[in-house]
Amino acid sequence: MNNPRSRRNRRHPGIARRLRERLGDDGEVVDASTPEELARAVERFRAAKIEVLGVNGGDGTGHYVLTAFARAYGAEPLPKLLLLRGGAMNTVAHGHHIRGGPDSILREVLIRRRHGYPLRTVERDLLCVEADGGPPRFGFIFGTGVVVTFLEAYYQGDSPSPLTAAALLVRAVGSALAGGRFAASLTRREPLRVVTDGDEWPDASYLALVAGSTPDIGFGFKVFHRCAEQPGSFHAVGVTATPLQIALALRRIHAGRPWKRRHAQDEVTRDLLVEAERLRFTIDGDLYAAERRVRVSTGPGIEIVLP
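Just so you know, the sequence shown maps onto residues 1 to 307 in UniProt numbering.
Structure representation (structure tokens):
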């Protein structure tokens, strides 16, 4: 599945042609830049019972494609997922040590298939996110609070890229250490009602509430280091620390060490209910809003192909 509108594909329009040449008779590349094109492609692939779904785009493209497939497939097993890193944000791929560009990733997978070797995969569960009882959306990472304000600042730039995101993170950390205005503007606390598997969390104002079924939230920070602790569950973290405390704990968070109780509450759960007025949230880097309530639950399982 190719997204012609992704950042890398816009900059390098010949990628789709090279992928088609690389695939040959082993598959096909289908462009899908509108909901209608995506829906038609999903039905074609479902009817063909494809084994591997390649997504040439970033996290946002993967989120849209997986949402369409999960809705269409229902209780049927989803095809294996091959992330080709064709977008501006490739957090899920990076968290699984998938490196390189679309052509090189596809080449490595095809070499294994053509030599009769089994594909290397890791099993993950998708998150199912429902806002105000609306239709479900699917992805790997959910977030509120500072995660949303960071993304909003990131998207304000003329050319969002990993480099600009890294520069923004460095600026935010420096501002937090100095008690500056920029960090303060990103870290407005939100009073949230949070319930996991029926157990209500203590009342608190959160710097962020995040959940993930993949270890990495970005830049190699293993925020969700417990995501694979129990099959069919995900890791939810409510950050109550100050910006300065988080800045000082970055090395600990990056290494995936356990959260300190004075910094966050974290749970391995199958169901997360969040209530607040006008709640802004993200799924895999795409931004949404809910009037009152968001429920995050364990979605269908999927195998991610490792080159």
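We put the CB at the ideal spot given by N, CA and C, even for glycine.
Residue i in three-state terms, based on DSSP
i           : result
H263        : coil
I141        : strand
D103        : helix
D132        : coil
R295        : strand
E152        : helix
L169        : helix
E275        : strand
E108        : helix
V223        : coil
residue 346 : Because residue 346 is not part of the residues shown, which for the chain are 1 to 307, the question remains open.
A16         : helix
I246        : helix
H254        : helix
G174        : helix
P307        : coil
Beta-bridge partners of residue i, as assigned by DSSP
i    : result
R124 : I302
Y288 : F281
H235 : G212, V268
D199 : T196
Y206 : E190
N56  : N2
D31  : N2
L83  : V55
CA nearest to the CA of residue i, picked from the options
i    : options                : result
E37  : F69, K49, N9, L244     : F69
G58  : Y73, L23, G100         : G100
V201 : G285, G218, T269, G139 : Reading the sequence as shown, one finds Trp at residue 201 and not Val. Cα-wise, what sits closest to W201 is T269.
E76  : D286, E51, A211        : E51
G27  : H96, L82, D199         : L82
D271 : E291, V296, G256       : V296
F234 : L126, I253, A184       : L126
G299 : Y288, P231, E275       : P231
A72  : G86, F45, G60, A88     : F45
T149 : Y288, S33, V274, R292  : Y288
A167 : V237, F219, G198       : F219
D25  : D31, P102, L110        : L110
Cut-off 8 Å between Cβ atoms - residues of its own chain near residue i, not counting five sequence neighbours on either side
i    : result
A249 : A241, K260, H263
P118 : R112
T67  : P136, R137, F138, G139
V182 : Sequence inspection shows Phe at residue 182; the Val mentioned does not correspond to that position. Contacts found: R171, A172, S175.
Sequence-distant residues of its chain with Cβ nearer than 7 Å to residue i (five each side left out)
i    : result
R114 : none
I302 : L78, L81, R124, L126
S161 : A88
D132 : A290, E291, R292, R293
Contact set for residue i: own chain, Cβ-Cβ below 6 Å, skip 5 residues either direction
i    : result
P191 : S205
S33  : P4, R5
L177 : A247
R120 : L306
G285 : D59, G60, M89
Open item on the list: Three or more C-beta pairs under 8 Å: does that hold for the stretch 6-21 against the stretch 97-109?
Closed with: yes
Open item on the list: When you compare the stretch 124-144 with the stretch 205-220, are there three or more beta-carbon pairs, one atom per stretch, that lie closer than 8 Å?
Closed with: yes
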